[in-house]
Amino acid sequence: MDDDHDFLQVIRDLFVAWSENVWQVYCAESADEALEILGTRKIDLIVVDVNMPVLDGIQLIRILNRRYPQLKKAIITGFATEEKRSACLTEGAELFIEKPHSAEGLKSVFTVLHELVSWTPQEGFQGVLRQVGLYDVIQMECLGRNSSILEIHNQQIQGRIYIEDGRIVHATAGDMVGQGAFQKLLSLPSGKFQMQPFESPSEHTIEGQWEFLLMEAARMHDETVSQVLTTKIAAKPELLPAAKTSTAVSGFPVRIAETLICSGQGDVLYAWQCPDVNARVTLLQHIAQQTTRLGQLLPLGSLDRLEIQLATGRVVAQAKPDRMILVHTATGDDKT
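The opening residue of the sequence shown carries number 1020 in our numbering; numbering runs sequentially from there.
Laid out in structure tokens, this is it:
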């Protein structure tokens, strides 16, 4: 974007030629024209002149940060100063370039811009929802008052969560829309997600503060987990821990002494032979807190479970956001 028509034509012809016709270059002589192009085409990089009439380059960068957070932005100017450089980079521009006065200079500018366009450290966010933390991603977007679209999918369903100026305004999940779709997406046990540039949804179906929306989604998820576990236990009671034995290393038979299953919030879903349920729940909650701290201090991956070796048995504890499990096995001569 530049108000110098002749400069734009030169830039366009040279950049297309140097890219061997791979680049598609669109020219705009004002902020209005630039925004119109961005609204109708998928653009990877915008190069903006600082000194523009009506709306200058720095003001446009601010707007682009809100509307198109994934768009790469470069500033070019014929009157470079440290003050302008600092202001542009602070506002989110990846590059600040002084206009060259030769063909060699323009080729250097093209090379730098080509590297910027080609550099993609990670396309959006991708990962297993249970491990990466979809709740955390949404929280960061809302706290930053960002505008973005969070695309989520797995083998069964695909959906979108629309965040506008830090507010959750719309969600779709298959044929569902609104808060039900939002809760459905946050209840998925696994899948992939990535951030997309914001586009205003056709309708706003969600209202309320994002904190309460996340809390309600978490509550609904815990209830779903509880119902699933209850249904499985009712359908196949033979899957419940029983006083069956297996062979231990020491030669003594091993039996399950107690089992506890509870939600991530500590609500008891199933308890068998637990002498003190509250103490076991407190232990699991303490383990969950400590594993979170360890994960922050030692970035070596998630801690899947904790095994405690007793004199005549073993306790295995697993603490995850959606459930916590404790199983105590004892050798045949252990009566505790």
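All C-beta atoms, glycine included, are put in the ideal place defined by N, C-alpha and C.
- Look at ILE1344 here: in three-state DSSP terms it is strand.
- For VAL1029, the enclosing alpha helix (DSSP H) stretches over residues 1024 to 1037.
- Residue environment for ARG1238: exposed (fewer than 16 other C-beta atoms within 10 angstroms of its C-beta).
- Residue environment analysis places LYS1061 among the exposed positions, since fewer than 16 neighbouring C-beta atoms fall within 10 angstroms of its C-beta.
- By alpha-carbon distance to SER1219, the top candidate from ALA1236, PHE1231, MET1195 and ILE1187 is ILE1187.
- Within the segment 1163 to 1192, the complete beta strand (DSSP E) segments at least 3 residues long are 1167 to 1172, 1177 to 1183 and 1186 to 1192, listed from N- to C-terminus.
- In this structure, the straight-line span from the alpha carbon of ASP1063 to that of GLN1089 is close to 8 Å.
- Annotation: ILE1116 to VAL1044 spans about 18 Å, alpha carbon to alpha carbon.
- Beta-bridge partners assigned by DSSP to ILE1094: VAL1067 and PHE1115.
- The beta carbon of LEU1325 lies closer than 7 Å to those of ILE1306 and ALA1336 in the same chain, with the five residues before and after it left out.
- When GLN1215, ASP1194, VAL1300 and ALA1190 are compared, the shortest CA-CA separation from GLU1226 is found for ALA1190.
- VAL1287 and VAL1334 have their alpha carbons spaced roughly 18 Å apart.
- In terms of Cβ geometry, ILE1095 and ASP1025 do not form a close pair [threshold 9 Å].
- The three-state secondary structure of GLN1328, taken from DSSP, is strand.
- Annotation for LEU1125: no beta strand (DSSP E) segment contains it, though the alpha helix (DSSP H) segment containing it runs 1122 to 1137.
- Taking C-beta atoms as the reference points, LEU1083 and GLY1111 count as a pair closer than 9 Å.
- By a beta-carbon distance limit of 8 Å, ILE1168 does not contact LEU1204. Their separation comes to about 12 Å.
- Annotated three-state conformation of GLU1277 is strand, per DSSP.
- Secondary structure of MET1214 (DSSP, three-state): strand.
- Taking C-beta atoms as the reference points, ASP1341 and SER1282 count as a pair closer than 9 Å.
- For the pair VAL1136 and LYS1092, the CB atoms are not nearer than the 9 Å cut-off.
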